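Residue numbers (the working numbering): 263 to 378. Built from N, CA and C at the ideal position, the CB exists for glycine as well. Predicted model only: the values in this text are computed from it and were never measured.
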C-alpha cells in the first residue's frame, strides 16, 4: 500500500498516552517487531491539531526512537511521520483505517504564533 508523508510543520502535537509496547498477539502477549530491523515497536497516543481541526491518533515508533523527557499533555515532535492506509477482512467484516508511523517521538514545542 501507499505510504503518505505527513507534513507536521504547522501542527501542534500533544502526547495523550505514554509509550507502551505494541502487542502483536493479544492472546500470547507477543510484542510486535519491525519487519526489517527486528526491533521492538512501541505506540504513543497523540492529539494532532492543525488548521483548527484535531484528531486523536496512535503512532507506532521503534523502541530506540522513544526519547527521555516525554510528559503526557506536553507537545512532542514526530520526525518522519507517515500515514499508511490499510484494509482487511476479519470474521467476514471488511475493516479499514490509517496506520501512522514515525521514526521517533521527542519533546517538542508549541508552534510560534504567526504575526498578523
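On the criterion of 16 or more Cβ atoms from any shown chain inside 10 Å, does residue i qualify as buried, or is it exposed?
i           : result
residue 349 : exposed
residue 305 : buried
residue 364 : buried
residue 351 : exposed
residue 367 : buried
residue 377 : The predicted position of residue 377 is uncertain, since its pLDDT is 44 and thus under 50; a value taken from the coordinates is nonetheless stated next. That one is exposed.
Using a Cβ-Cβ cut-off of 6 Å (strictly less than) and excluding sequence neighbours within five positions of residue i, which residues of its own chain qualify?
i           : result
residue 326 : none
residue 354 : none
residue 362 : 319, 321 and 345
Leaving out the 5 sequence neighbours to the left and right, which residues in its chain are closer than 7 Å to residue i when beta-carbon positions are compared?
i           : result
residue 268 : 343, 344 and 345
residue 337 : 274, 275, 276, 370, 371 and 372
residue 302 : 283, 293, 295 and 325
Looking at the strands, I want to know which residues DSSP matches up with residue i.
i           : result
residue 359 : 348
Quiz item: If we count Cβ pairs, one from each stretch, closer than 8 Å, do we get three or more for the stretch 290-297 versus the stretch 269-276?
Solution: no
Self-check item: Every unbroken beta strand (DSSP E) within the stretch 314-342, with a cutoff of 3 residues, ordered by chain
Solution: 315-324
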